[in-house]
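In what follows, a single structure is set out as structure tokens and then discussed.
Following this line, the structure appears as structure tokens:
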């Protein structure tokens with residue numbers, strides 16, 4: 002861009018120089034046109050100066066913009082370098098299997114905290130033979146073992162390779178790593194004699210690693226099914242917990258409905274007993290009313306007889 006501007010300035014200067022030469026030649030031809038030639042020369046010089054000023058101003062503005070853009074780019078490059086150093090530090094940090102395991106366990110605990118009260122799960126659950134699983138979920142059908150695994154090394158090597166042969170080699174090693182984890186979980190934590198269900202969960206904290214596992218569906222999935230181990234990532238584990246929670250809630254609702262039905266049946270029995278008592282009372286009241294009616298009728302008859310006797314006595318007194 003700067004080269005184009007410089008060439009433009011040179012061209013303008015050359016054009017104006019040619020114009021000046023032509024004017025000088027005309028001036029030399031006669032004194033009568035001398036003043037007009039000098040005036041034209043001055044105009045051309047002034048026009049050239051104006052154009053040079055405009056070009057210089059534009060050039061300065063472009064240089065200022067370029068300097069500002071370069072400064073911003075340098076700033077962004079510095080930020081990217083900081084991010085790169087942070088990513089390298091994180092990668093170095095994650096090289097330790099123990100540290101990766103701690104991160105996976107913490108993420109696992111946070112997810113369980115979101116869905117279940119603490120009484121329904123336990124972290125670092127210890128079996129009678131001493132093996133410790135990262136977490137268990139307590140259900141009516143038994144405890145569900147959950148162990149976090151992070152098969153990272155060969156996955157990273159495989160992802161970094163561009164050659165097909167090297168990628169396939171690291172892919173085979175990655176598959177072996179996953180199978181070793183599946184075998185360990187199946188043997189150590191699926192213990193129905195100690196109250197576990199007949200399957201376990203292998204929690205993979207990294208989504209990219211999880212997708213690489215399930216991508217080998219013809220081998221790793223069949224292998225995990227044969228060992229009764231279920232792969233989950235943070236996203237799929239979220240849905241698993243959601244479904245499990247809904248099942249528990251439905252069971253609670255079913256239990257509440259059973260209690261309600263039992264209460265209604267109890268009320269029905271009480272209503273039957275009350276109806277029987279009310280019937281007995283009603284019969285007693287009916288009998289009492291009948292006795293009262295008979296007594297009232299007898300009283301009316303007796304009262305009529307008494308009135309007739311009184312009337313007879315009154316007539317005898319009048320005749321005397």
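In our numbering, the protein residues as written are 2 to 321. Heads up, the beta-carbon is just placed ideally off N, CA and C, and yes, glycines get one too.
Residue closest to residue i, alpha-carbon to alpha-carbon, out of the options
i: residue 245; options: 139, 76, 65; result: 139
i: residue 156; options: 214, 70, 194, 303; result: 214
i: residue 108; options: 69, 207, 68; result: 207
i: residue 234; options: 247, 224, 210, 220; result: 210
i: residue 200; options: 173, 308, 220, 232; result: 232
i: residue 224; options: 181, 247, 240; result: 181
i: residue 112; options: 137, 69, 299; result: 137
i: residue 116; options: 304, 240, 297, 76; result: 240
i: residue 179; options: 160, 165, 167, 220; result: 220
Simplified DSSP state of residue i, which is helix, strand or coil
i: residue 146; result: strand
i: residue 115; result: helix
i: residue 1; result: Outside the displayed span of the chain (2 to 321) sits residue 1, for which this structure offers no information.
i: residue 160; result: helix
i: residue 153; result: coil
i: residue 197; result: strand
i: residue 132; result: coil
i: residue 205; result: coil
i: residue 282; result: helix
i: residue 231; result: strand
i: residue 88; result: Confidence at residue 88 is low in this model, with a pLDDT of 47, below 50, so the placement of that residue is unreliable and no value is reported for it.
i: residue 176; result: helix
Cβ-Cβ separation, residue j to residue i (assumed contact under 8 Å), whole Å
i: residue 175; j: residue 152; result: 6 Å
i: residue 238; j: residue 204; result: 6 Å
i: residue 106; j: residue 135; result: 5 Å
Distance between residue j and residue i (C-alpha atoms, nearest Å)
i: residue 120; j: residue 242; result: 15 Å
i: residue 236; j: residue 148; result: 16 Å
i: residue 123; j: residue 202; result: 14 Å
i: residue 216; j: residue 169; result: 14 Å
i: residue 277; j: residue 286; result: 14 Å
i: residue 222; j: residue 118; result: 32 Å
i: residue 195; j: residue 158; result: 39 Å
i: residue 143; j: residue 197; result: 5 Å
i: residue 186; j: residue 163; result: 33 Å
i: residue 293; j: residue 274; result: 28 Å
i: residue 141; j: residue 129; result: 20 Å
i: residue 88; j: residue 74; result: Its pLDDT being 47, under 50, residue 88 is placed unreliably in this model, and the value from its coordinates should be taken loosely. Rounded to the nearest angstrom, the two C-alpha atoms are 20 Å apart.
i: residue 68; j: residue 62; result: 10 Å
i: residue 282; j: residue 288; result: 10 Å
i: residue 104; j: residue 172; result: 24 Å
i: residue 76; j: residue 66; result: 15 Å
i: residue 127; j: residue 165; result: 44 Å
i: residue 290; j: residue 301; result: 16 Å
i: residue 247; j: residue 184; result: 30 Å
i: residue 133; j: residue 114; result: 20 Å
i: residue 295; j: residue 304; result: 14 Å
i: residue 160; j: residue 110; result: 29 Å
i: residue 177; j: residue 70; result: 51 Å
i: residue 297; j: residue 280; result: 25 Å
i: residue 55; j: residue 72; result: 26 Å
i: residue 125; j: residue 131; result: 11 Å
Proximity test, Cβ basis, 8 Å: residue i and chain C
i: residue 167; result: Included in the structure is just one protein chain, with no chain C present.
Proximity test, residue i beta-carbon vs the ligand FAD heavy atom, cut-off 7 Å
i: residue 240; result: Ligands are entirely absent from the displayed structure, and the ligand FAD is therefore not among its contents.
Looking at C-beta atoms only, is the number of pairs between the region 224-235 and the region 183-193 that lie closer than 8 Å three or more? yes
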